[in-house]
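Sequential numbering of the sequence shown, starting at 519, is according to our numbering.
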Amino acid sequence: MVGKQIKTFDLSRFQQMACYNKLTKSAYDENIRVVPAYEMLHKCLVDEMTAYAKKATTRYEFKGIDPKTGRYCEGSRGAASTLGTVELGVGTGHSSDLLLDAIPQMKLTGIEVLDNMVEASKERLIEKHGEKRVSILQGDYFAMLERSALRREWKTLCGSSIVFSVISVHHVADEMKRWLIRDAYNILQNGGIFVLADLMLPSDPKKQKEVMEAAEANLIKNATTPEIRDEWLRHWRELNILGTVENHLKWFVEAGFSNVRHVFSELTTNMIVGVKEPCLGEY
Numbered sequence: 519m520v521g522k523q524i525k526t527f528d529l530s531r532f533q534q535m536a537c538y539n540k541l542t543k544s545a546y547d548e549n550i551r552v553v554p555a556y557e558m559l560h561k562c563l564v565d566e567m568t569a570y571a572k573k574a575t576t577r578y579e580f581k582g583i584d585p586k587t588g589r590y591c592e593g594s595r596g597a598a599s600t601l602g603t604v605e606l607g608v609g610t611g612h613s614s615d616l617l618l619d620a621i622p623q624m625k626l627t628g629i630e631v632l633d634n635m636v637e638a639s640k641e642r643l644i645e646k647h648g649e650k651r652v653s654i655l656q657g658d659y660f661a662m663l664e665r666s667a668l669r670r671e672w673k674t675l676c677g678s679s680i681v682f683s684v685i686s687v688h689h690v691a692d693e694m695k696r697w698l699i700r701d702a703y704n705i706l707q708n709g710g711i712f713v714l715a716d717l718m719l720p721s722d723p724k725k726q727k728e729v730m731e732a733a734e735a736n737l738i739k740n741a742t743t744p745e746i747r748d749e750w751l752r753h754w755r756e757l758n759i760l761g762t763v764e765n766h767l768k769w770f771v772e773a774g775f776s777n778v779r780h781v782f783s784e785l786t787t788n789m790i791v792g793v794k795e796p797c798l799g800e801y
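Quick look at the structure:
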């Protein structure tokens with residue numbers, strides 16, 4: 519159902535993010551590029567997703583000892599015709615638009631809390647790709663983790679092949695990031711992947727200072743107006759909560775992901791990919 523309301527939610531953690539609420543879709547898309555290596559990040563995102571999609575949609579033969587059961591098995595697996603995909607924080611739909619173009623088997627459920635972003639993502643994604651491939655749910659996906667009453671709705675997303683999030687999770691404390699990674703694991707089918715592309719820091723305090731200063735300089739250089747520059751600087755300094763790459767990698771492993779890879783890093787912009795280990799013959 520397009521634009522379905524998951525539940526009444528609390529916008530308090532987003533109320534100060536005026537740079538999100540005031541910008542039009544085109545202005546937001548232009549100014550989000552103050553994020554270091556934003557274009558390169560998306561190239562890496564598309565490459566990772568298309569590589570996964572190619573494997574998941576290709577028929578293949580298998581035989582051997584299943585590492586999960588310890589039993590010998592052999593056979594063949596048919597190609598998946600649809601890849602159920604969830605984006606946490608769909609924003610204006612830029613990331614999902616690139617992926618829907620690149621992966622014809624992808625069927626997207628995008629979750630977004632802000633009214634203007636919901637409308638922007640519907641305008642971009644549903645008008646272009648159609649309601650059969652895109653559904654936008656309005657809600658706070660962090661609240662889904664916090665409030666047990668929302669578990670039923672969260673579980674409707676179970677069995678997804680792909681869960682991903684791009685430049686969104688850095689707005690909450692580390693413990694909530696950890697919960698999110700765990701719940702992403704829980705809703706994935708065996709063999710599914712979680713891709714987290716977000717702002718993170720190195721563990722070393724000296725390197726943290728260096729990358730933060732360089733990222734802030736990049737922001738100042740690339741903001742399109744003084745007003746946008748000042749708003750994003752306030753956001754950067756007061757509202758972002760950046761965890762370390764090391765901790766994120768640890769949370770992936772704790773959640774149960776295997777083949778966890780840190781596939782992209784440029785200043786504060788990073789991407790981590792984890793696989794929910796399949797049984798032999800699953801992917």
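Beta carbons: idealized from backbone N, C-alpha and C, even for Gly.
Keep in mind it's a predicted model, so treat the numbers as computed, not measured.
Counting Cβ pairs closer than 8 Å, one from the segment 637-646 and one from the segment 603-620, do we hit at least three? yes
For A715, report the span of its beta strand (DSSP E) as first-last. The residue you call residue 715 lines up with position 197 of the sequence shown. Start and end: 706-717.
Expressed to the nearest angstrom, what Euclidean distance is found between the alpha-carbon atoms of E557 and T787? Along the sequence shown, read from residue 1 onward, the residue named residue 557 stands at position 39. Along the sequence shown, read from residue 1 onward, the residue named residue 787 stands at position 269. Spanning the two alpha carbons is a distance of roughly 11 Å.
Could you tell me the distance, in whole angstroms, from the CA atom of V778 to the CA atom of D547? Within the sequence shown, numbered from 1, the residue matching residue 778 stands at position 260. Within the sequence shown, numbered from 1, the residue matching residue 547 stands at position 29. Using only the alpha carbons, I get a separation of about 30 Å.
Could you pull the start and end residues of the beta strand (DSSP E) that S686 belongs to? Position 168 of the sequence shown holds residue 686. Run containing S686: none; DSSP gives neither H nor E here.
So, are the CB atoms of P622 and N708 less than 7 Å apart? In the sequence shown, residue 622 corresponds to position 104, counting from 1. In the sequence shown, residue 708 corresponds to position 190, counting from 1. Cβ distance not < 7 Å, so P622 and N708 don't count as in contact.
When you compare only the Cα positions, how much space is there between K543 and D722? One-based indexing of the sequence shown puts residue 543 at position 25. One-based indexing of the sequence shown puts residue 722 at position 204. Computed Cα separation, rounded: 37 Å.
Pairwise C-alpha distance: V552 and V690: The residue you call residue 690 lines up with position 172 of the sequence shown. The residue you call residue 552 lines up with position 34 of the sequence shown. In a straight line, the C-alpha of V690 is about 20 Å away from that of V552.
Should the segment 722-734 be regarded as contacting the segment 686-703, the criterion being three or more beta carbon pairs within less than 8 Å? no
Beta-carbon within less than 8 Å of H780's beta-carbon, same chain only, minus the 5 sequence neighbours each way: which residues are those? Position 262 of the sequence shown, counted from the start, is the residue given in the question as residue 780. If we look at H780 and ignore the five residues flanking it on each side, its Cβ neighbours are V763, L767, N788, M789, I790.
Looking only at its chain, what residues have a beta carbon closer than 6 Å to the beta carbon of Y570, apart from the 5 residues adjacent to it on each side? For this step, residue 570 is matched to residue 52 along the sequence shown. Once the five neighbours on either side are set aside, the close Cβ partners of Y570 are I711.
Those runs of the beta strand (DSSP E) which lie wholly inside the segment 615-639 and span at least 3 residues: 624-630
Of the residues A598, Y590, C591, M624, which one's Cα is nearest the Cα of E605? In the sequence shown, residue 605 corresponds to position 87, counting from 1. Cα-wise, what sits closest to E605 is M624.
Distance check for N765 and K650, CA to CA, integer angstroms please. Within the sequence shown, the letter at position 132 stands for residue 650. Within the sequence shown, the letter at position 247 stands for residue 765. C-alpha separation (whole angstroms): 38 Å.
Rounded separation between I699 and V564 - CA only: What you label residue 699 is simply residue 181 of the sequence shown in a count that begins at 1. What you label residue 564 is simply residue 46 of the sequence shown in a count that begins at 1. Near 20 Å, if we compare the C-alpha coordinates of V564 and I699.
With the cut-off set at 7 Å, would you say L706 and V681 are in Cβ contact? For the purposes of this step, residue 706 is taken as residue 188 along the sequence shown, with counting starting at 1. For the purposes of this step, residue 681 is taken as residue 163 along the sequence shown, with counting starting at 1. Yes, the Cβ-Cβ distance between L706 and V681 is below 7 Å.
Please work out which residues of its chain come closer than 6 Å, Cβ to Cβ, to L719, disregarding the five sequence neighbours upstream and downstream, and give them in chain order. The residue you call residue 719 lines up with position 201 of the sequence shown. Taken in chain order, the residues that qualify are Q726, L760, T762.
Separation of A598 from H647, as counted between CA atoms: Within the sequence shown, residue 647 is the residue found at index 129, counting from 1. Within the sequence shown, residue 598 is the residue found at index 80, counting from 1. Roughly 20 Å between the two C-alpha positions.
Would you grab the beta carbon distance between Y703 and K794 for me? Rounded to a whole angstrom, and I think it's under 8 Å. Translated into positions along the sequence shown, residue 703 becomes position 185. Translated into positions along the sequence shown, residue 794 becomes position 276. Contact flag correct, Cβ pair sits at about 6 Å.
For L563, the residue or residues it bridges with in DSSP: Counting from one through the sequence shown, the residue named residue 563 turns up at place 45. Partner(s): none; L563 has no beta bridge.
Which residues bound the beta strand (DSSP E) around N777? Start at 1 with the first residue of the sequence shown, and residue 777 comes out as number 259. First-last of the beta strand (DSSP E) with N777: 776-784.
Rounded to whole angstroms, how far is the Cβ of G483 from the Cβ of A638, which I believe are closer than 8 Å? With the chain represented from 519 up to 801, any question about residue 483 goes unanswered, as that position is not in the structure.
With which residues is C591 paired in a DSSP beta bridge? Within the sequence shown, residue 591 is the residue found at index 73, counting from 1. Its beta-bridge partners are G582.
Alpha-carbon to alpha-carbon, M635 and A545: Mapped onto the sequence shown, residue 545 falls at position 27. Mapped onto the sequence shown, residue 635 falls at position 117. Whole-angstrom Cα-Cα distance: 12 Å.
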